[in-house]
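Shown next, in structure tokens, is the structure this report addresses.
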Amino acid sequence: MFKKVDKNSKCYEFWSLFLLIIGICVGSGIYLKNKELIEQTKNPLISVILWLVIGFICVISFVTFIEIARSTIDGGNGTTSNWSRIFISRKVASLYSIFYIFIYMPSYQAIFVAATITYFLEMVGAKLLPYQLLLIFLIIGVSLYIMGVILNLKASKFSKSLQLWSLLIRYIPLIVAFFAGFILAIFSKNNWNLNSTGDATTWNMFAGFGAILFSFDGYTFAANKQKNIKNKEVVGKAIIMGLIFISIFYFLMAISLFMGGDGSIQSVLIRVISLGEPKKDSVATKVATVITLGIMTTIYLLNVNMFTHFGITSMVSDHNMKLVYMPNVKNKIKFAAIFQSTVSYLFFAALVICAVLVSNGDYQGITSKTANNSLAMTYIGQMASVAVVLQFWLLTSLIVAAMVNRFTKKIDLEKQKGFWPCSIISLIAFTIVDIFGLLVFLVPDLIKSRELKTNWVESGGLVFTMIFITSILFVVIMWLVQEKIFKIKPFKNSFEDLVDKNMKVNNWEN
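If you read the sequence shown in the working numbering, its first letter stands for residue 344, the second for the next number, and so on.
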């Protein structure tokens with residue numbers, strides 16, 4: 344009755360890749376970062392334009408990454424670390440791998456663990472003292488990390504199912520908020536919130552780079568899917584069209600959220616569920632708030648499981664490419680799960696302790712009489728954005744390496760049409776984004792109006808800079824230690840080939 348789908352047809356492969364890139368990029372970033380974006384830019388109009396600008400940069404740069412990804416068509420994983428091994432050097436690639444293990448993955452896991460706890464506390468209406476907040480975050484935090492490890496080691500099939508269901512759970516509120524924002528704006532008065540929220544400075548337009556990059560992060564990995572595609576010519580078209588769609592979607596989504604609320608999905612959903620303009624003390628508003636916060640808590644909780652899986656897979660995969668040292672244990676997946684989650688929890692705990700103990704703005708530290716439930720996310724949110732900016736520094740180095748390869752021909756690759764103009768434009772754009780995306784966190788007063796400026800210490804710039812420098816130094820030290828271990832305990836066949844061609848990087852097939 345039904346015609347069998349030809350999975351090798353151009354149409355099928357095009358739409359598969361198109362939907363894949365949407366699945367990779369359209370996720371929790373818009374939940375977490377759009378409200379942060381308006382707080383940083385101080386202007387909704389600048390915020391929505393930035394969604395388009397960053398989207399355009401990603402589209403342009405993807406042309407370069409199509410050529411880069413051709414280096415792993417015949418074998419090897421399509422990750423930033425492995426591409427760096429091929430185009431730059433093994434040592435640089437190992438440094439990048441250490442960054443992913445000790446900064447990048449911990450930052451992502453930390454922000455979703457912290458968001459889960461924060462929204463849960465908001466949902467139950469908790470009012471806590473600083474020391475109480477600290478204890479709750481540390482205790483519940485370690486429980487969530489342990490949960491992620493157990494799910495991925497002992498219930499891997501259930502973990503996989505959770506990831507699939509999380510996509511549905513994540514998209515339904517997103518779609519509802521998307522349409523509701525416009526509808527609420529049309530039928531409500533004085534609700535077109537596209538005016539400035541404060542005195543913006545010239546620097547404010549650079550402040551949102553980290554938040555937006557958080558939502559586009561991971562798009563380059565889709566380029567590696569061309570190894571499984573029969574009709575290679577559809578790869579670039581499908582993924583570039585997907586990125587254009589995502590950019591437009593984020594652009595319209597941001598407008599919708601600013602029109603229908605304060606820029607957050609949460610505010611729009613509360614208005615939808617309460618069936619009207621929220622009233623502070625009404626039962627409908629209270630119920631709507633609890634339901635919305637419950638939805639947000641669930642979404643972030645599911646992401647804890649997802650990024651635990653990503654952390655395990657990334658570490659085992661890089662070890663198999665001989666970029667990361669792991670002891671000669673029988674169960675590599677178990678070792679990676681415990682090691683990576685332990686590192687992530689220590690990273691999380693350190694940032695939470697700093698946020699609660701150290702004075703920042705109006706908050707006077709552990710002696711304060713009250714603590715906002717989102718207090719613990721102060722440095723975690725910043726480090727998550729900065730981790731993405733640093734990830735784009737790595738991508739920038741890959742673009743440079745790919746351009747150099749055109750002259751040296753170190754790697755013999757099929758040339759991608761439009762490579763040079765796209766590489767040059769994306770290199771310039773990425774460099775600007777990388778520099779300013781980091782600078783506004785190191786010097787917070789750059790994005791504050793004149794009357795709100797304090798000094799570097801009181802603004803939190805000193806503490807964040809210390810955390811940032813310590814993190815980078817730690818990565819470098821761990822890399823140097825690893826290089827020493829490689830000399831003491833070298834791989835069989837040195838750094839050639841894989842550790843094990845049959846090595847599994849997760850338990851999904853068990």
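The beta carbon of each residue, even a glycine, is placed where N, CA and C say it ideally should be.
Anyone know if the C-beta pair for residue 780 and residue 530 falls short of 8 Å?
In this structure, residue 530 does not lie closer than 8 Å to residue 780 by Cβ.
Taking the alpha helix (DSSP H) that residue 502 belongs to, which residues open and close that run?
Boundaries of the alpha helix (DSSP H) harbouring residue 502: 499 to 530, taken from the DSSP string.
Relative to the C-alpha of residue 696, which candidate in 810, 397, 425, 522 has its C-alpha closest?
From the listed residues 810, 397, 425, 522, the smallest Cα separation to residue 696 is found for 810.
Same chain only: Cβ atoms within 8 Å of residue 514, ignoring 5 sequence neighbours per side:
Contacts found: 369.
Is residue 706 helix, strand or coil when you go by DSSP?
DSSP places residue 706 within a strand segment (E or B) once states are collapsed to three.
Between the C-alpha atoms of residue 506 and residue 500, what's the straight-line distance to the nearest angstrom?
Their Cα atoms are separated by approximately 10 Å.
Please state whether the Cβ-Cβ distance between residue 525 and residue 424 is less than 8 Å.
Contact flag unset, no.
Reduced DSSP category for residue 756 - H, G, I as helix; E, B as strand; rest coil:
Residue state for residue 756 is assigned as coil, using DSSP reduced to three classes.
In the DSSP assignment, the alpha helix (DSSP H) including residue 726 goes from what residue to what residue?
Boundaries of the alpha helix (DSSP H) around residue 726: 721 to 751.
Helix, strand or coil: which one does DSSP assign to residue 841?
Correct three-state label for residue 841: coil.
Roughly how many angstroms separate the alpha carbons of residue 645 and residue 836, rounded to a whole number?
Cα to Cα, the separation comes out at about 41 Å.
In DSSP terms, what residue 679 is bridged to:
In the DSSP output, where bridge partners are listed per residue, residue 679 has none listed.
Using three-state DSSP, classify residue 471 as helix, strand or coil.
Residue 471 falls in the strand class under three-state DSSP.
Our contact map puts residue 700 next to residue 709 with C-beta atoms below 8 Å; I'd like the distance itself, whole angstroms only.
Confirmed, Cβ separation roughly 5 Å.
Nearest CA to the CA of residue 816: which residue from 359, 417, 441?
Checking every option, the nearest Cα to that of residue 816 belongs to 441.
CA-to-CA distance, residue 590 to residue 583, given in whole angstroms
Between residue 583 and residue 590, the C-alpha separation is close to 10 Å.
Which residue spans inside the region 582 to 637 form an unbroken alpha helix (DSSP H) run of at least 4?
If only complete runs of 4 or more residues are kept, the region 582 to 637 shows the alpha helix (DSSP H) at 608 to 616, in order along the chain.
In the DSSP assignment, the alpha helix (DSSP H) including residue 384 goes from what residue to what residue?
First-last of the alpha helix (DSSP H) with residue 384: 372 to 384.
List the whole-angstrom C-beta distance separating residue 688 from residue 484, where the pair is believed to meet the contact cut-off of C-beta under 8 Å.
Contact between residue 688 and residue 484 holds, with the beta-carbon distance rounding to 7 Å and staying under 8 Å.
For the candidate residues 398, 653, 354, whose alpha-carbon lies nearest to that of residue 562?
Taking only the C-alpha atoms, the option nearest residue 562 is 398.
Under the rule that 16 or more other beta-carbon atoms within 10 Å means buried, what is residue 839, buried or exposed?
Exposed is the call here.
Locate the alpha helix (DSSP H) running through residue 718, then write down its first and last residues.
Unbroken run through residue 718: none, as it is neither H nor E.
What residue range is occupied by the uninterrupted alpha helix (DSSP H) comprising residue 561?
Counting along the chain, residue 561 falls outside any alpha helix (DSSP H), and DSSP gives it neither H nor E.
Measuring CA to CA, which of 649, 475, 394 is closest to residue 494?
Among 649, 475, 394, the Cα nearest to that of residue 494 belongs to 649.
How far does the alpha helix (DSSP H) with residue 415 in it reach, from first residue to last?
Premise fails: residue 415 is in no alpha helix (DSSP H) and is neither H nor E.
Tell me the rounded alpha-carbon separation between residue 559 and residue 444.
Straight across, the Cα-Cα distance linking residue 559 with residue 444 is about 20 Å.
Tell me whether residue 639 is buried or exposed, calling it buried when 16 or more other Cβ atoms sit within 10 Å of its Cβ.
Counting other Cβ atoms within 10 Å of its Cβ, residue 639 reaches 16 or more and is therefore classed as buried.
Taking the alpha carbon of residue 488 as the point to measure from, which residue in 750, 683, 706 has its own alpha carbon closest?
Selected option, being the one with the closest Cα: 683.
Return the first residue and the last residue of the alpha helix (DSSP H) that residue 784 is part of.
For residue 784, the uninterrupted alpha helix (DSSP H) run begins and ends at 762 to 785, by DSSP.
Mind checking if residue 550 is an interface residue toward chain D, Cβ cutoff 8 Å exclusive?
You won't find chain D in this structure, because it holds only one protein chain.
Can you give the Cα-Cα distance for residue 749 and residue 729, rounded to whole angstroms?
If you take the alpha carbons of residue 749 and residue 729, they lie about 31 Å apart.
What's the gap between the Cα of residue 733 and the Cα of residue 447?
When the Cα atoms are used, residue 733 and residue 447 turn out to be separated by approximately 9 Å.
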